[in-house]
Amino acid sequence: MAQHESVDLVPDTTVSYIAVAVLLAALTAVLAQISIQLPGGVPFSFQHFPVFFAGLLLGPVWGGFAVLLYIVVGLAGAP
40 MAQHESVDLV PDTTVSYIAV AVLLAALTAV LAQISIQLPG GVPFSFQHFP VFFAGLLLGP
100 VWGGFAVLLY IVVGLAGAP
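The sequence shown lines up with residues 40 to 118 when you count with this note's numbering.
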């Protein structure tokens with residue numbers, strides 16, 4: 040039975056940051072569809088909450104990556 044050497048191509052922390060960024064981008068897309076009409080006809084969307092969470096949980100670089108991912112997916116045609 041042959042044994043193979045394990046090679047780490049990407050650190051575990053980078054993989055976890057990318058996974059959380061993808062989840063927050065998806066959460067932003069879901070919450071962007073929910074809005075409440077406030078008095079005066081002003082719509083209130085829950086879209087900004089995941090953006091704040093991305094900044095708090097991931098920091099400015101990876102949080103910005105999550106928002107940029109949301110924007111790129113929106114430009115690609117996703118709702």
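Each residue gets a CB set at the ideal place from its N, CA and C atoms; glycine is no exception.
No experiment lies behind these values; they were computed from the predicted model shown.
Residue j beta carbon less than 9 Å from that of residue i
i, j, result
"residue 83", "residue 72", "no"
"residue 89", "residue 70", "yes"
"residue 103", "residue 93", "yes"
"residue 106", "residue 68", "no"
Rounded straight-line distance, which links the Cα of residue j to that of residue i
i, j, result
"residue 87", "residue 43", "46 Å"
"residue 110", "residue 50", "26 Å"
"residue 85", "residue 45", "43 Å"
Supposed contact pair residue j and residue i - C-beta distance, whole angstroms, cut 8 Å
i, j, result
"residue 95", "residue 56", "The Cβ separation is near 14 Å, so there is no contact."
"residue 101", "residue 60", "6 Å"
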